[in-house]
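Colleague: Have a look at the structure that comes next, please.
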Amino acid sequence: MKKFIISIICALLLLVISYKSNYISDFIAKKITGNQEVIIKDKNEYAKEDNFIFIQNTDSFVPYSYNDLLKIIYTTINYGWDFFTFYCPSEYEKCINDVENISKDDITLTHINNYVHPYNSFTNIKTSIMESGEITIEINYLYNKEQIKKIENKTNSLLKELVNDNMTNYEKIKVLHDYIINNAKYDVERNKNGDSKYLSYIAYGPLFEGYATCNGYTDLMAIYLTKLGIPNYKIATTKSSKSSSNGHIWNAVNLDGKFLHLDLTWDDPVSDDGKDYLYHKYFLIDTKSLMEVDSGKVEIEEHNFDKNYYLEFNDKIIELKK
1 MKKFIISIIC
11 ALLLLVISYK
21 SNYISDFIAK
31 KITGNQEVII
41 KDKNEYAKED
51 NFIFIQNTDS
61 FVPYSYNDLL
71 KIIYTTINYG
81 WDFFTFYCPS
91 EYEKCINDVE
101 NISKDDITLT
111 HINNYVHPYN
121 SFTNIKTSIM
131 ESGEITIEIN
141 YLYNKEQIKK
151 IENKTNSLLK
161 ELVNDNMTNY
171 EKIKVLHDYI
181 INNAKYDVER
191 NKNGDSKYLS
201 YIAYGPLFEG
211 YATCNGYTDL
221 MAIYLTKLGI
231 PNYKIATTKS
241 SKSSSNGHIW
251 NAVNLDGKFL
261 HLDLTWDDPV
271 SDDGKDYLYH
281 KYFLIDTKSL
291 MEVDSGKVEI
301 EEHNFDKNYY
311 LEFNDKIIEL
321 KK
């Protein structure tokens, strides 16, 4: 009987100790998280102020949901920060797990990257996760300072030369679209072999070397659109086993309150006869028209984009907002 009573007492003591231990651990976790200072740096001059349906900037850097984490990551990239540290609060039990999942989700990170200014887009993003809940994001950016300086000087000069205040935004975009295509050609070598002597995958290529891949065309146009004060982002399709597409990227442009597609790559086709052509088939068109243009003798799959990431083109979302 004594042994039984002692066993009961021991069990109760273990429960009390366990409860107090959990309480103390949780209290310490709250204190650690609550007292950690999140250092907010100034954003750089290329940070976008625009908020989009899929992703927005944030000024709250304590996450309580998966969507909060996406906003923090987007803001870090968009503001041009090389690194940023924030902390998971104890109330958000899945925080570390969600951070791990996002850090491994290259597709989502790629699509988020398409919403920022080209100069703030990353080539690599690294996430360090501590058991204490400390999260550090480190970013390597695509453009270096020398490239940005040269591109800025050249694009500012060309804008003064090519457009004026008497032109509509539609006319300005058309002039820039035509100028880029007339002064650059598609970098077939990089497309075939994955390598080239030209920096055709960034705006520098079409601007200074006369060669571009879809990334180069799109970045250069995005830079011009932003300088004109026209809201825009980039749309990407990623390589998929379900289609023949290797992935593609083009511009989304908000013209007079409506988002339209603008694809300079497909308006500057690689021809069999070696001649240079300038088309306007993919110039500021809606999604229905985009799909119709793609439906020729050989169906083009490069524009089969995921509307869950580019919600300005999602018909269900558009209807809800009306």
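Sequential numbering from 1 applies to the sequence shown in the numbering used here.
Even for Gly, the Cβ is constructed at its ideal location relative to N, Cα and C.
Decide if the region 305-315 is in contact with the region 42-59; the criterion is three or more beta carbon pairs, one per stretch, under 8 angstroms apart.
Modeller: The region 305-315, when compared against the region 42-59, does touch it at the 8 angstroms Cβ threshold.
Colleague: Going by DSSP in three states, G330 sits in which element: helix, strand or coil?
Modeller: Nothing in the structure corresponds to residue 330, since the chain is present only between 1 and 322.
Colleague: Going by beta-carbon coordinates alone, are L142 and I125 separated by less than 8 angstroms?
Modeller: Cβ distance not < 8 angstroms, so L142 and I125 don't count as in contact.
Colleague: Any idea if N323 is buried or exposed, counting beta-carbon neighbours within 10 angstroms, 16 or more meaning buried?
Modeller: The chain is shown from 1 up to 322; residue 323 falls before or after that span and cannot be answered.
Colleague: I'd like to confirm something about T85: is its beta-carbon nearer than 7 angstroms to some heavy atom of the ligand ATP, or not?
Modeller: What this structure holds is no ligand at all, so the ligand ATP is not there to describe.
Colleague: Ignore the nearest five residues each way along the sequence and tell me which others in S200's own chain have a CB closer than 6 angstroms to its CB.
Modeller: Once the five neighbours on either side are set aside, the close Cβ partners of S200 are D187, R190, Y211, A212, T213 and G216.
Colleague: Measuring alpha carbon to alpha carbon, tell me which residue in L162, H303, I139 and E49 is nearest I230.
Modeller: Answer by Cα proximity: E49.
Colleague: In three-state DSSP terms, what is Y66?
Modeller: The answer is helix: DSSP assigns Y66 an H, G or I state.
Colleague: I'd like the span of the beta strand (DSSP E) that includes Y233, first residue to last.
Modeller: That run of the beta strand (DSSP E) goes N232 to T238.
Colleague: Can you find at least 3 beta carbon pairs, one from the region 143-155 and one from the region 70-84, that sit closer than 8 angstroms?
Modeller: No, the region 143-155 does not touch the region 70-84.
Colleague: How big is the Cα-Cα spacing for I17 and S60?
Modeller: Because the pLDDT of I17 is 36, which lies under 50, any placement of that residue in the model is unreliable, and the question is left without a value.
Colleague: For D195, which three-state DSSP category applies?
Modeller: Coil, per DSSP.
Colleague: In the DSSP output, what is L262 paired with across the bridge?
Modeller: Its beta-bridge partners are N251 and F283.
Colleague: To the nearest angstrom, how far is it from the Cα of V38 to the Cα of T85?
Modeller: The straight-line gap from Cα to Cα measures roughly 7 angstroms.
Colleague: Considering only their Cβ atoms, is the gap separating P118 from D219 smaller than 8 angstroms?
Modeller: Yes, they are a contact pair.
Colleague: Could you have a look at E301 and say whether DSSP puts it in helix, strand or coil?
Modeller: Coil at E301, not helix or strand.
Colleague: With a cut-off of 8 angstroms on the beta carbons, I'd call T136 and F83 a contact; round off their distance for me.
Modeller: Contact holds; Cβ gap of about 6 angstroms.
Colleague: Rounded to whole angstroms, what is the Cα-Cα separation between I202 and K94?
Modeller: If you take the alpha carbons of I202 and K94, they lie about 37 angstroms apart.
Colleague: With DSSP as the reference, identify every bridge partner of T136, one or two as the case may be.
Modeller: The partner list for T136 (beta bridge, DSSP) reads T85 and S128.
Colleague: Measure the alpha-carbon distance for N101 versus V293 and round it to whole angstroms.
Modeller: Their backbone Cα atoms lie some 37 angstroms apart in a straight line.
Colleague: What residue range does the alpha helix (DSSP H) around K150 cover?
Modeller: That run of the alpha helix (DSSP H) goes K145 to L162.
Colleague: Decide if D276 is buried, meaning its Cβ has at least 16 other Cβ atoms within 10 Å, or exposed.
Modeller: Counting Cβ neighbours within 10 Å, D276 comes out exposed, since fewer than 16 surround it.
Colleague: One question on the structure: do T238 and I107 come within less than 8 angstroms of each other, judged by their Cβ atoms?
Modeller: Going by C-beta atoms, T238 is nearer than 8 angstroms to I107.
Colleague: How should N183 be labelled, buried or exposed, when 16 other C-beta atoms within 10 angstroms of its C-beta is the threshold for buried?
Modeller: Under this definition N183 is an exposed residue.
Colleague: From D105, I129, N251 and Y46, pick the residue whose C-alpha is nearest to that of A234; which is it?
Modeller: The residue asked about is misnamed: residue 234 is Lys in this sequence, not Ala. When each option's Cα is compared against that of K234, the closest is N251.
Colleague: With distances taken from CA atoms, which of G80, L69 and K71 is nearest E45?
Modeller: Checked all of G80, L69 and K71; the closest Cα to E45 is G80.
Colleague: Would you kindly report the start and end of the unbroken alpha helix (DSSP H) that includes K94?
Modeller: No alpha helix (DSSP H) contains K94, which DSSP labels as neither H nor E.
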